[in-house]
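Numbering of the sequence shown is given in UniProt numbering, commencing with residue 1 and proceeding in unit increments.
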Amino acid sequence: MTRELTRTASAAPSKPGNVPLATAGLLLGMLLSVLDQTVVAIALPDIAADLGGMDAIGWIITSYVLASTTTGALYGRISDRFGRRAVFVTAIAVFIVGSVLCGVALTVPQLVAARTLQGIGAGALFVLPTIALSELYPQRLRSRVQGFTGGVFALASVGGPLAGGLITDSVGWRWIFYINLPLGLLSIALVTFALRLPKPGGGGKVDVAGSALIVGATVSLLLVAEWGGRVHAWTSLVILTLIGAFAVLLALFVWWERRAANPLLPPRLFANPALRVALPATALLGALLGGSIVYLPTYLQAAYGMGATQAGLALNPYVVTFMAVSFLAGARIGASGRFKPYLIAGSVIVVLGFALLSQLGTGTPYAVLAVELGVLGAGFGLLMQNLVVVAQNAATPADLAATTSAAVSVRGLGMSLGVAIFGNLLARQLQSHPQSTATAIPDVLFWGVPVAVALVALLALLPRSADHELTST
């Protein structure tokens, strides 16, 4: 694969790069960004016991998710102007500084502020590797290479609680942040030494106004999903104001992007029929990913009496299947150039996975659950990065960064909404029908079935041209 490195049409870099080392450095940054979404949850009780402020403890996670989700789209455009390597290194430096400040925080407000800074840096750490890897390798290898990013996502998503539990139990919760320092510095060293890409040549101004509008709209929407029906009634002034703010800011964003000289999200992208399907499908996939993987460890602990470490290990059927299918499907698609059959098959398998999980009972043997977790992992492995590759292949070289940023950011927004909405459903289920958490979670996972069915229907609309973009460009 290293011999198949391609160069962009613009001038070649002055020094040769090292593709394997650059890939390792980019994937390491990506691993850190996803880990820090999940690794903290298991340590929240220890953090609350140490710092107090239990009423605001949820913001330790929410602040990071909001910051990383809302800044993701902007980083693609910034890297068009200043270069992928410079922006990635700067972002991971911000992430490291935020991590150290998290480790030394003495109060919950300090920790929330540091997590926000950490999230601002993390916003680049999934977007930019996804862009850079698509530029490092030929287009026909994108599915295979992006399969690695799907594997990293699965490993970090499920391994986060396991790693968080082990670190918190052995050396204390502050080390879940300190561990980012050596790993982040290693990522910086690898990328600085090995990544050589020509500047894309996007010399226009960064769309600051568009970025501010979409950040405001995204924050408003996430707060509605997080607070609606739980912290504030749906008819309360707070929720209605947030819904209104979302609608107004989104309308202003669409209006502005049609007039901006260098828009954050060029309207011409939506003239492509493949992108009109791929981007909303990616949002639905994100909601299904977030809504399932966050609550499955809780189910394992509640239903089988597992500790955090045991629950993390018990999710291995999901992780292993996700990674294996992601790698194998990427190789097969790379050889054939046909995406649609794999994407539809993946979405149908996800429907089956949620349907099976919704039938879990208190007496279900773990062996049965393991098979069902493997089914869900297989479906997600077929979908996750291949949807991004479909979007990338549909874009022109000039729009590659904007398209990739949009796809990854939309998936992140979908994940955040999925976590919030499934959490909201779980809270309402427990309040309206007093029962154990182990009984309530399968009932909540049932709602993944209609969402997955909608994903199947949407992907059926993917144009045939999407299967040929790989070989025709």
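Cβ coordinates follow ideal geometry from the N, Cα and C atoms, glycine included.
Short Cβ contact (8 Å threshold) for residue i with residue j
i       : j       : result
Val-319 : Ala-154 : yes
Leu-74  : Ser-211 : yes
Leu-285 : Leu-35  : no
Ala-420 : Ala-225 : yes
Gly-414 : Ala-283 : yes
Ser-33  : Phe-126 : yes
Asn-272 : Ala-91  : no
Gly-165 : Thr-309 : yes
Phe-327 : Gly-151 : yes
Glu-257 : Leu-265 : yes
Leu-26  : Leu-181 : no
Thr-38  : Ser-157 : yes
Ala-452 : Val-294 : no
Ala-287 : Gly-418 : yes
Val-112 : Ile-60  : yes
Ala-302 : Ser-436 : yes
Gly-159 : Gly-312 : yes
Val-87  : Leu-128 : yes
Gly-228 : Asn-424 : yes
Val-408 : Leu-279 : no
Sequence-distant residues of its chain with Cβ nearer than 6 Å to residue i (five each side left out)
i       : result
Ala-370 : Pro-317
Leu-462 : Val-277 and Lys-340
Met-384 : Gly-150
Ser-68  : Gly-119, Ala-122 and Gly-123
Leu-31  : Val-152 and Ala-156
Leu-289 : Met-415
Ile-42  : Pro-161, Gly-164, Gly-165 and Ala-308
Reduced DSSP secondary structure (H/G/I, E/B, other) of residue i
i       : result
Gly-346 : helix
Gly-123 : coil
Gly-228 : strand
Gly-165 : helix
Trp-447 : coil
Trp-59  : helix
Leu-106 : coil
Asp-207 : coil
Gly-306 : Looking at the sequence itself, residue 306 is Met, so the reference to Gly does not match. Coil.
Ser-157 : helix
Ala-261 : coil
Ser-436 : coil
Arg-338 : coil
Thr-235 : coil
Ser-358 : coil
Gly-172 : coil
Ala-12  : Note that Ala-12 has pLDDT 39, beneath the 50 cutoff, so the model's placement of it is unreliable and the number below is only indicative. In the structure shown, Ala-12 sits in coil (DSSP, three-state: anything other than H, G, I, E or B).
Val-40  : coil
Pro-463 : coil
Ile-179 : coil
Pro-20  : helix
Leu-470 : Low local confidence applies: a pLDDT of 43 at Leu-470 is under 50, so the model's placement there is unreliable, and no value is given.
Pro-267 : helix
Tyr-64  : helix
Phe-137 : The sequence shown places Tyr at residue 137, not Phe. Here Tyr-137 sits in coil by DSSP.
Leu-27  : helix
8 Å Cβ shell around residue i - same chain, five flanking residues per side excluded
i       : result
Tyr-366 : Tyr-304 and Ala-314
Ile-131 : Gly-76, Ser-79, Arg-84, Leu-400, Ala-401, Thr-404 and Ser-405
Thr-70  : Gly-123, Ile-214, Val-215, Thr-218 and Val-219
Leu-459 : Val-277, Ala-281, Lys-340, Leu-343, Ile-344 and Ser-347
Phe-246 : Ala-217, Ser-220, Leu-221 and Val-224
Ser-358 : Pro-442, Asp-443, Leu-445, Phe-446, Gly-448 and Val-449
Gly-103 : Arg-174, Trp-175, Phe-177 and Tyr-178
Thr-2   : Reliability of the predicted coordinates at Thr-2 is poor, the pLDDT of 39 falling under 50, and no value is obtained from them.
Minimum Cβ-Cβ distance from residue i to chain C less than 8 Å
i       : result
Pro-161 : Structure shown: chain C not included; a single protein chain is present.
Chain-order list of residues whose beta-carbon lies under 7 Å from that of residue i (same chain, five-residue window excluded)
i       : result
Ala-427 : Arg-230
Ala-345 : Leu-382
Gly-353 : Glu-372, Val-375, Leu-376 and Gly-379
Pro-267 : Glu-257 and Arg-258
Val-145 : Leu-133 and Tyr-137
Ala-438 : Tyr-299, Ala-302, Ala-303 and Thr-362
Proximity test, residue i beta-carbon vs the ligand GTP heavy atom, cut-off 7 Å
i      : result
Ala-86 : Among the components of this structure there are no ligands whatsoever, and the ligand GTP is therefore not found.
Check your understanding: In chain order, which alpha helix (DSSP H) runs of at least 4 residues are fully inside the region 272-296?
Key -> 273-293
Review point. Does the count of Cβ pairs from the region 375-390 and the region 244-261 closer than 8 Å reach three?
Key: no
* Should the region 190-197 be regarded as contacting the region 102-119, the criterion being three or more beta carbon pairs within less than 8 Å? -> no
(message) Check whether the region 82-100 and the region 43-53 touch, using three or more Cβ-Cβ pairs below 8 Å as the test.
(response) no
Exercise for review: Please list the segments of the alpha helix (DSSP H) lying wholly inside the region 364-444, counting only runs of 4 or more residues, in order along the chain.
Suggested key: 366-394 and 400-432
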